[in-house]
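Encoded as structure tokens, the structure appears first; notes follow it.
Residue numbers (my numbering): 2 to 380.
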């Protein structure tokens, strides 16, 4: 369920990336955005049932995109100063929040959301040669590439930003879509029209599409693995593979659940915002639990693999666990005041309900029949 939230969240990220969290944007824009997300999930369902779809090379985003984003600032006739980019703190908001520290804390949500997907390499290790080393190396490589490309993208965007309130205004050229407005103004100021900005926005959309493709590949692979181990209802259905050796039923299930989780956002911005918050919190809890068990219950009997952090592993593990515990609390705080049924942050309710359901299932039934993962398919 956590990974399905993440798949839906890749679509949700597009709206937050575009700055449409502004409550003043036109409802028709919201509907068009949501239908594009739903359509994107359906398209991915039909793209995945191919053996080569799991090839990570098909989902890599070319590094030359970094140059395209970095050139955005070069296309703008007016640049923000380095002092403005690195020291200006925007406190303007329509959420009724006046504490700068609180604004900073809430701003961590989308930053933290982008720092996810580390586990994709781990889920595909059964199809990877020398998985004990290549899996961790894949995780580290993904973080390193994201650091370079993401930092360049953010710098290019922020240096082209001069008037933040105007970027978020529903009366601007992009109707409140902040990133779209940045691209549009950068090219219009240089060439007299914003066509180049529209092209850049499509590049962002394609990148998000492949993020969603990667997430669906990963969660369908997990669905297959869990059902193979007998850990899901109707496991015999979900772990079947077709003639191309693709777990087609697991792919369908993943697409269906992701679609169902995206549909509520068609009628409610609150549901959309809650789902994005829940996706971030839940996926990080899923990351932290194995690490917590590693540094506590399995501290003395854990057997390191061929790739290990050595004596620093426990220290890094505790830092990770404490950080996830911190952001779990922070992301459960209200994001708008006064708190009403329309502004309430439903993250703690959703995450708490999910964990209560899982724990109840384990106590009532699963602990009596679940024996653990299948470790030898041939024997």
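Beta carbons are placed, not taken as given, at the ideal position from N, Cα and C, and that holds for glycine.
- Item | Whole-Å CB distance - residue 254 paired with residue 224, under 8 angstroms assumed | The pair is a contact, with the Cβ atoms about 6 angstroms apart (cut-off 8 angstroms).
- Task: Determine contact between the stretch 313 to 320 and the stretch 134 to 154, defined as no fewer than three beta-carbon pairs at a distance below 8 angstroms.
- Result: Per the Cβ contact rule, the stretch 313 to 320 is not in contact with the stretch 134 to 154 (fewer than 3 Cβ pairs under 8 angstroms).
- Query: residue 84 to residue 139, Cα distance in whole Å?
  - Reply: Computed Cα separation, rounded: 36 angstroms.
- Task: Check whether the stretch 242 to 251 touches the stretch 214 to 232, counting contact only when three or more Cβ pairs, one atom from each stretch, lie closer than 8 angstroms.
- Result: Verdict: yes, contact present.
- Query: residue 237 lies in the alpha helix (DSSP H); which residues open and close that run?
  - Reply: 236 to 239 is the span of the alpha helix (DSSP H), which, as asked, contains residue 237.
- Expressed to the nearest angstrom, what Euclidean distance is found between the alpha-carbon atoms of residue 232 and residue 290? Residue 232 and residue 290 have their alpha carbons spaced roughly 18 angstroms apart.
- Environment of residue 374 [buried if 16+ CB atoms lie within 10 Å]: Flag for residue 374 reads exposed.
- Query: Do the CB positions of residue 1 and residue 179 come within less than 7 angstroms of each other?
  - Reply: The shown model of the chain, from 2 to 380, leaves out residue 1, and the question about it has no answer.
- Message: On the CB-based measure, 16 or more other CB atoms within 10 Å of its CB, does residue 363 come out buried or exposed?
- Response: When all chains shown are included, residue 363 counts as exposed.
- Task: Throw me the rounded Cβ distance for the residue 383 and residue 275 pair, which I believe falls under 8 angstroms.
- Result: Because residue 383 is not part of the residues shown, which for the chain are 2 to 380, the question remains open.
- Could you tell me how far apart the beta carbons of residue 181 and residue 188 are, in whole angstroms, since I believe they sit closer than 8 angstroms? Actually they do not touch by this definition, with Cβ atoms about 11 angstroms apart.
- Since I believe residue 102 is in contact with residue 332 (beta carbons under 8 angstroms), could you give me their beta-carbon distance rounded to a whole number of angstroms? No, residue 332 and residue 102 are not in contact; Cβ-Cβ is about 15 angstroms, not under 8 angstroms.
- Contact check, residue 91 vs residue 199 under 8 angstroms by CB: the rounded distance? Actually they are not in contact, since the Cβ atoms of residue 91 and residue 199 sit about 26 angstroms apart, beyond 8 angstroms.
- Query: With respect to the alpha helix (DSSP H) encompassing residue 211, which residues constitute its N-terminal and C-terminal limits?
  - Reply: Where residue 211 is concerned, the enclosing alpha helix (DSSP H) stretches over 196 to 229.
- Query: What is the DSSP secondary structure of residue 51, counted as helix, strand or coil?
  - Reply: For residue 51, the pLDDT reaches just 48, beneath the cut-off of 50, and the residue's location in the model is therefore unreliable, although a value from the coordinates is still provided. Judged by DSSP in its simplified three-state form, residue 51 adopts coil rather than helix or strand.
- Could you tell me the distance, in whole angstroms, from the CA atom of residue 309 to the CA atom of residue 341? Whole-angstrom Cα-Cα distance: 48 angstroms.
- Using a Cβ-Cβ cut-off of 8 angstroms (strictly less than) and excluding sequence neighbours within five positions of residue 159, which residues of its own chain qualify? Its chain contains 81, 86 as the residues whose beta carbon lies nearer than 8 angstroms to that of residue 159, once the 5 sequence neighbours on both sides are disregarded; these appear in chain order.
- Query: What's the C-alpha gap between residue 105 and residue 93?
  - Reply: C-alpha separation (whole angstroms): 12 angstroms.
- Alpha-carbon spacing of residue 237 relative to residue 365, whole angstroms: Looking at the backbone, the Cα of residue 237 and that of residue 365 are separated by about 21 angstroms.
- Item | C-beta atoms of residue 266 and residue 273 nearer than 7 angstroms | Taking 7 angstroms as the Cβ cut-off, residue 266 and residue 273 qualify as a contacting pair.
- Message: Suppose contacts are defined by Cβ-Cβ distances below 7 angstroms. Is residue 293 in contact with residue 322 by that definition?
- Response: Yes. Within cutoff.
- Taking DSSP as the reference, what is the three-state secondary structure of residue 339? Here DSSP, grouped into helix, strand and coil, assigns residue 339 to coil.
- Would DSSP call residue 173 helix, strand or coil? Residue 173: coil per DSSP, three-state reduction.
- Query: Terminal residues of the continuous alpha helix (DSSP H) containing residue 363?
  - Reply: First-last for residue 363: undefined, no H or E at that position.
- Message: Does residue 242 come out as helix, strand or coil in the three-state DSSP assignment?
- Response: If DSSP states are grouped into helix, strand and coil, residue 242 belongs with coil.
- Message: When you compare the CB positions of residue 318 and residue 296, do they come within less than 7 angstroms of one another, or not?
- Response: Contact annotation: residue 318 and residue 296 have beta-carbon atoms nearer than 7 angstroms.
- Query: Roughly how many angstroms lie between the CA atoms of residue 343 and residue 335, to the nearest whole one?
  - Reply: Going from the Cα of residue 343 to the Cα of residue 335 covers about 11 angstroms.
- Secondary structure, alpha helix (DSSP H): runs of 4+ residues fully inside the stretch 244 to 329: You should have 249 to 263, 270 to 296.
- Query: To which residues of the same chain is residue 175 closer than 7 angstroms at the C-beta, ignoring the five residues directly before and after it?
  - Reply: Once the five neighbours on either side are set aside, the close Cβ partners of residue 175 are 181, 182, 185.
- Message: Please identify the residue among 282, 368, 301 whose C-alpha is closest to the C-alpha of residue 352.
- Response: For the residues 282, 368, 301, the minimum Cα distance to residue 352 belongs to 282.
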